[in-house]
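Everything in the sequence shown is counted per this note's numbering, starting at 5 for the first residue and increasing by one.
In what follows, a structure is listed as structure tokens, so that the remarks can point back to it.
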Amino acid sequence: MYQKRPGVFMADWWDADGRRHRKQFSNAHSAREHEHRETALAHAERASRELKMAKTGGGRRHPKEPNSGTMDAAKGKLGVMIPGMGAVATTFVAGVEAIRKGLAKPIGSLTQMGTVRLGKRTEGRSPKVKEFVPLAGLDDLVFTGWDIFEDNMYEAASNAGVLDYRLLEQLKPFLSSITPRAAVFDHNYVKKIDGPNVKKGKTKMDLAEQLRADIRDFKKTSGVSRLITMWCGSTESYIEPTAAHQSVKAFEKALAENDEMIAPSMIYAYASLMEGVPFANGAPNLTVDLPVMLELSRKNEAPICGKDFKTGQTLMKTVLAPAFKARLLGLSGWYSTNILGNRDGEVLDDPGSFKTKEESKLGVLEHILQPGLYPELYGNMFHKVRINYYPPRGDNKEGWDNIDIFGWLGYPMQIKVDFLCRDSILAAPIVLDLVLFLDLAQRCSDLKGLGIQEWLSFYFKSPMTVPGLYPEHDLFIQLMKLKNTLRHLKGEELITHLGLEYYD
Ligand SMILES: NC(=O)c1ccc[n+]([C@@H]2O[C@H](COP(=O)([O-])OP(=O)(O)OC[C@H]3O[C@@H](n4cnc5c(N)ncnc54)[C@H](O)[C@@H]3O)[C@@H](O)[C@H]2O)c1
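This is the structure:
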């Protein structure tokens, strides 16, 4: 759904044959409802066709058939470019350096510590992910970034207050050497902060050109062979897609005309994709979740993924909600509240930025519990999410969940979750995995032209999918999807967990 002009809202959907449709409405609610209904119908139609095909055996690849795709080796250095050098970015970069120096372990990172089971349970083949597929090594990562503040990464990490100063002191020379490039920033999109390190340009297209020059400069001066952009910038104010975001042509015209519906994060995404650089979005902003970016990503074979790192409370939600659904336990309400005192918390104190985050957090339960399929269990659930800025806690967020469920004969029960977490400690390994997997995607003939990398949904609160496909939110389905994608790339048998062969 997007707003064409004031008072004109367009439902925008793809039918089961991949044809695009648009219909005009005078309010956002009706347009969104219509789009959801048509999308669900298209999805059901496609699912029933797939079922028919599966029954007749058509279109199915034999599990043993080798994958004909190619996967290039990870040769040379990988440049990691980060718009937003705050708490998450500095915890990630400092962490990589600490691990390289043997000072700490990459806990929480699937690429570094995870394994993939291959073949039957009896075969005992479970290589490490990083040994199974050709990922860039940590020693090959080189960093740069942009921020509206002039602090280098040592100063920014000290201000963020996530990591112990004794660790930071040991990393000081390295972290101090990474200084931010001037940012593309618009105070209207992030109301709570302002800073001096900002680019000037007559039009948004000028700013995009300056970012493209930064990217080329970094590539040349660092000597890297490949690049990745990883948005770790603040959450921008909530907007919905407009006509300006529907194609590259419309977007470029809008850039030249300084269209106010183009947010800074979109300018970074455009610049990266134009330079053929993959882009991951760690915030809930639209950024790359737009037709223009999908078009560019496919054309330039620069994979994209997003949105919004799945770290604390939503991680728990996507573990617990599938358990309720699996056991057919009903849900009458889920109240989630947080206290958070870092700069992210301050930015989210603005209603525009909070709305962006809220949308991202709210979608999860609807998609997992499918109230349309289970109206008696989930048709009446009340879901609320609050984030409260509370400075004394800094980055150490506390997230409470009160969950009202009901069981056999409708008898009510309650579950309370109190997660005293560390936001950036949970986010940093996600950043590392996304950097390494997106780089891998660009080296795989099967993945690089797809645009959206849905197999990376595992890492996001609000995973991107092609239009017309609902996202998978269940953490364990997402993990299976990710590992099966790796098996597929290597021509290994996919694991279905059927397991009848053990009893033959
Ligand atoms: N930490 C988590 O658990 C988590 C989870 C999900 C999403 N996120 C998202 O990740 C992002 C980063 O989180 P954080 O805790 O590091 O926040 P932070 O406030 O510490 O860092 C964000 C940085 O982005 C900079 N920035 C803002 N707009 C910019 C622009 N246009 N160009 C360049 N720099 C810009 C800010 O100056 C700041 O230094 C936020 O959007 C947050 O919502 C974080």
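The C-beta atom is built at its ideal place from N, Cα and C for all residues, glycine as well.
Keep in mind the model is a prediction, meaning the values are calculated, not measured.
{"Asked": "CB-CB under 8 angstroms to residue 139, same chain, minus the five flanking residues each way: which ones, in chain order?", "Found": "78, 115, 133, 440, 441, 443 and 444"}
{"Asked": "Excluding the five sequence neighbours on either side, which residues of its own chain have a C-beta within less than 8 angstroms of the C-beta of residue 137, listed in chain order?", "Found": "75, 444, 490, 493 and 494"}
{"Asked": "Going by alpha carbons, who is nearest to residue 403 out of 357, 338 and 347?", "Found": "338"}
{"Asked": "Between residue 143 and the rest of its own chain, which residues show a CB-CB distance below 7 angstroms, the 5 nearest in sequence each way excluded?", "Found": "104"}
{"Asked": "Residues in the same chain with beta-carbon distance under 7 angstroms from residue 212, minus the five sequence neighbours each way, listed in chain order, please.", "Found": "259, 271, 274 and 275"}
{"Asked": "Could you tell me the distance, in whole angstroms, from the CA atom of residue 366 to the CA atom of residue 400?", "Found": "22 angstroms"}
{"Asked": "Just tell me which of 389, 508 and 304 has its CA closest to the CA of residue 405.", "Found": "389"}
{"Asked": "Which class does residue 264 belong to by DSSP, given the choice of helix, strand or coil?", "Found": "coil"}
{"Asked": "Below 8 angstroms on the Cβ atoms is my guess for residue 514 versus residue 195; work out the distance and round it to an integer in Å.", "Found": "Residue numbering for the chain in the displayed model covers 5 to 508; residue 514 lies beyond these limits and cannot be assessed."}
{"Asked": "Which value, in whole angstroms, describes the spacing of the CA atoms of residue 508 and residue 129?", "Found": "21 angstroms"}
{"Asked": "In the structure shown, what three-state DSSP assignment does residue 133 receive?", "Found": "helix"}
{"Asked": "Could you name each continuous alpha helix (DSSP H) segment of 4 residues or more that falls completely within the region 276 to 327, going from the start of the chain to the end?", "Found": "295 to 303"}
{"Asked": "Leaving out five residues before and five after residue 362 in sequence, what residues of the same chain have Cβ atoms less than 7 angstroms from its Cβ?", "Found": "389"}
{"Asked": "Name the two residues that bound the continuous beta strand (DSSP E) containing residue 191.", "Found": "Unbroken run through residue 191: none, as it is neither H nor E."}
{"Asked": "Where in the region 385 to 447 do unbroken runs of the alpha helix (DSSP H), each at least 4 residues long, occur, reported from the N-terminal end onward?", "Found": "427 to 446"}
{"Asked": "Could you tell me which of 269, 255, 336 and 395 sits nearest to residue 511, measuring between CA atoms?", "Found": "Absent from the model: residue 511. The displayed extent of the chain is 5 to 508, so no value can be given."}
{"Asked": "Compute the Euclidean distance between the alpha carbons of residue 287 and residue 239, then round it to the nearest angstrom.", "Found": "6 angstroms"}
{"Asked": "Closest by CA to residue 86, which one among 215, 125 and 319?", "Found": "215"}
{"Asked": "Do the region 290 to 307 and the region 443 to 457 meet, that is, are 3 or more Cβ pairs less than 8 angstroms apart?", "Found": "yes"}
{"Asked": "Confirm the yes/no value for this check: CB of residue 156, any heavy atom of ligand 1, distance under 8 angstroms.", "Found": "no"}
{"Asked": "Less than 8 angstroms separating the Cβ of residue 361 from some heavy atom of ligand 1?", "Found": "yes"}
{"Asked": "What's the C-alpha gap between residue 342 and residue 257?", "Found": "41 angstroms"}
{"Asked": "Would residue 168 be called buried (16 or more neighbouring beta carbons within 10 Å of its own) or exposed?", "Found": "exposed"}
{"Asked": "Let's see if you can read the secondary structure: which residues bound the beta strand (DSSP E) around residue 149?", "Found": "145 to 151"}
{"Asked": "Nearest by alpha-carbon distance to residue 154: which of 124, 173 and 185 is it?", "Found": "185"}
{"Asked": "Please return the same chain residues whose Cβ sits closer than 7 angstroms to the Cβ of residue 237, not counting the five positions on each side in sequence.", "Found": "87, 88, 269 and 287"}
{"Asked": "CA-CA distance, residue 176 and residue 417?", "Found": "51 angstroms"}
{"Asked": "For chain D, find out if any of its Cβ atoms is closer than 9 angstroms to the Cβ of residue 174; answer yes or no.", "Found": "Absent here is chain D; the protein component of the structure consists of one chain."}
{"Asked": "So for residue 103, helix, strand or coil by DSSP?", "Found": "helix"}
{"Asked": "Cβ of residue 89 versus every heavy atom of ligand 1: is any distance shorter than 8 angstroms?", "Found": "yes"}
{"Asked": "Decide yes or no for the touch test of the region 95 to 103 against the region 424 to 432: beta carbon pairs closer than 8 angstroms, at least 3 of them.", "Found": "yes"}
{"Asked": "Mind checking which residues open and close the alpha helix (DSSP H) that includes residue 125?", "Found": "Segment: none, residue 125 is in no alpha helix (DSSP H) and carries neither H nor E."}
{"Asked": "First and last residue of the alpha helix (DSSP H) that includes residue 224?", "Found": "208 to 226"}
{"Asked": "Measuring from the CB of residue 437, is there a heavy atom of ligand 1 at a distance below 8 angstroms?", "Found": "no"}
{"Asked": "Thinking just about the alpha-carbon of each residue, which of 18, 19 and 35 is nearest to the one in residue 8?", "Found": "35"}
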